[in-house]
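Take 7 as the starting number for the sequence shown in my numbering and just add one per residue.
First the structure, in the form of structure tokens, and then the observations on it.
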Amino acid sequence: MVGLEWIGRLLAFFGSRLFSLVQDGVDALRDFVDTAVDFWHERTNRERMFLTAGASALALLGITAAFVSVLSGQTGSRPVSAAPAQPPFSTAAPDAAPAAPGDARQLDQSLPAHIPLAIPAHAGRLARASIPSTDGVLEDAIRQRLESQPLLQHSFMDAEPKLNGVRSAGRIAILIDDVGHNVTSLRRLLDIDADLSFAVLPRLQKSRQAALAISAAGREVLLHLPMEPHGYPKVDPGVGALLRSMRPQTLEMHFLEGLRDVPMLVGINNHMGSRFTEDVRSMRHVLKFIKRQGLFFVDSQTSPDSVAYREARRLGLRTAKRQVFLDHETDYAGTLRQIEELARLAERRGAALGIGHPHPSTIKALEDALPSLKRRGLQIVRVSSIVE
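Structural data, given as structure tokens:
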């Protein structure tokens with residue numbers, strides 16, 4: 007029985023390690039290809055001609071060398087000297103007293119010291135659940151080793167959230183975009199008794215003041231990063247927008263300037279960006295900047311063809327995407343209908359993200375609707391609690 011449990015634990019550990027190695031290898035290969043493409047695009051036509059000629063010459067030399075090697079018979083097998091046999095490895099001390107049957111020391115010694123048990127949270131739960139709970143010894147050493155390891159905090163097997171001891175009907179995250187223009191509307195939103203999150207535009211006169219006020223109220227701050235929309239430049243995303251024509255260095259400069267304008271932030275979402283978020287190469291650059299800063303990214307889904315959420319997942323970046331726009335129709339009744347749609351989506355899926363704006367009709371709709379959502383058992387949570 008113990009042998010089967012050990013096999014299960016080892017398979018769980020090596021499976022998770024193998025998956026991580028494969029994922030790291032794929033990411034490294036993708037980064038190499040992106041770097042090569044960037045390098046190629048930044049060369050002049052003359053430089054590209056020389057690079058192509060050099061690569062062709064190297065390939066020709068390699069083919070010639072292989073052909074000559076075959077003709078001269080140098081590809082035959084060579085004898086390999088056998089390595090001397092090594093004695094079996096033992097970790098037991100020569101003078102150690104043998105452990106009595108059932109002693110926890112015996113179980114701990116049987117556990118290879120070089121194999122950590124820092125496995126994903128769901129695998130850790132399965133491993134702990136598989137340890138018997140009725141014997142006298144209960145494999146105490148194994149249990150202590152498992153429980154002493156740090157496990158991932160989030161897992162698909164985590165328990166569903168509860169509200170005042172009652173199982174929640176679902177979680178709703180509401181992100182208010184375009185903050186930084188009007189401090190009066192922001193004060194009304196901060197007075198709402200709900201854990202709303204706020205995305206602040208950079209380069210505005212009140213950007214910094216707004217971010218500090220939101221943070222002081224205990225709410226979550228995101229940078230509402232302007233990106234190129236369809237129709238640019240006729241459709242203007244604002245100062246400091248990221249454009250597809252920019253080199254990676256210029257994109258990073260604009261990104262860092264946005265970070266300096268909006269303090270206390272925990273994440274990023276796109277302002278406009280319907281064209282920019284469709285461009286894989288541009289989005290990968292920006293997502294790498296975001297990951298380097300330890301932030302998360304929310305895809306506002308301003309385009310149905312956005313690749314931002316998909317690419318963020320591929321990079322291992324914590325991310326989420328918007329499901330419902332609350333105020334496409336900037337009237338009170340229309341916003342109430344969208345809030346109800348968001349609530350039903352959260353009840354079906356367990357969690358949903360809606361994005362709104364500081365319009366007077368939106369603020370009034372939130373003030374009136376959120377208390378009734380709480381009475382239905384829905385939780386209003388900050389955006390960071392639903393990113394994956």
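Backbone N, C-alpha and C fix where the C-beta goes; we use that ideal spot for every residue, glycine too.
Could you check the C-alpha separation between GLY362 and ALA65 for me, to the nearest Å? 57 Å
Cutoff 7 Å; reference LEU376; Cβ partners in own chain excluding five residues on either side: ILE198, ALA200 and ILE386
Could you check if ILE274 is buried or exposed, using at least 16 other CB atoms within 10 Å of its CB as the buried criterion? buried
Report yes if the C-beta distance between SER203 and SER390 is below 9 Å; otherwise report no. yes
Please report the residue range of the alpha helix (DSSP H) in which ALA174 lies. A small correction: the amino acid at residue 174 is Ser; Ala does not occupy that position in the sequence shown. SER174 -> no alpha helix (DSSP H), and no H or E assigned at all.
Going straight from the alpha carbon of LEU231 to that of ALA339, what length do you get? 29 Å
Take LEU293 and list the residues in its own chain whose beta-carbon comes closer than 8 Å to its own, dropping the five residues that flank it on each side. PHE303, ALA314, GLU317, ALA318, LEU321 and LEU323
Straight-line Cα distance separating LEU35 from HIS187: 43 Å
Round the Cβ separation of ALA175 and GLY383 to the nearest angstrom and send it over; I've been treating them as touching at under 8 Å. 4 Å
Less than 9 Å between the beta carbons of VAL185 and LEU207, yes or no? yes
Scan the stretch 334-362 and note each continuous alpha helix (DSSP H) run of 4 residues or more that stays entirely inside, going in chain order. 338-355
Buried versus exposed call for LEU24 [16 or more other C-beta atoms within 10 Å across all chains shown]: exposed
Is ASP285 near the ligand GDP, in the sense that its beta carbon is under 8 Å from a heavy atom of that ligand? Looking for the ligand GDP in the displayed structure turns up nothing, as the structure carries no ligands at all.
Could you tell me which of ALA326, ALA349, PRO364 and SER312 sits nearest to HIS334, measuring between CA atoms? PRO364
Those runs of the alpha helix (DSSP H) which lie wholly inside the stretch 258-341 and span at least 4 residues: 286-298 and 314-320
Would DSSP call ASP184 helix, strand or coil? strand
Is PRO232 helix, strand or coil when you go by DSSP? strand
Have a look at ALA358 and THR341 and give me their C-alpha separation to the nearest angstrom. 16 Å
Kindly indicate which three-state DSSP category ILE69 falls into: helix, strand or coil? helix
Run through the DSSP bridge pairs and tell me what PHE204 is partnered with. ILE182 and VAL227
Identify whether VAL393 lies in helix, strand or coil by the three-state DSSP scheme. coil
For ILE386, write down the residues that DSSP places opposite it in a beta bridge. ILE178
Exposure label - GLY264; buried when at least 16 CB within 10 Å: buried
Of the residues LYS212, PRO235, PRO254 and ARG290, the one placed nearest VAL189, counting alpha carbons only: LYS212
Check for me: the alpha helix (DSSP H) holding ASP374 runs from which residue to which? 366-381
Based on DSSP bridge pairs, tell me the residues matched to LEU248. MET233
Please identify the residue among ILE69, LEU195 and SER280 whose C-alpha is closest to the C-alpha of LEU249. SER280
Exposed or buried, what is ILE69 when buried is set at 16 or more other beta-carbons lying within 10 Å of its beta-carbon? exposed
Contact set for LEU210: own chain, Cβ-Cβ below 6 Å, skip 5 residues either direction: GLY186
Residue interval of the alpha helix (DSSP H) (run including ARG194): 189-196
In three-state DSSP terms, what is ARG209? coil
Here's a check: name, in chain order, each residue in its chain whose Cβ is nearer than 8 Å to the Cβ of ARG214, leaving out the five neighbours to either side. ASP267, VAL268 and PRO269
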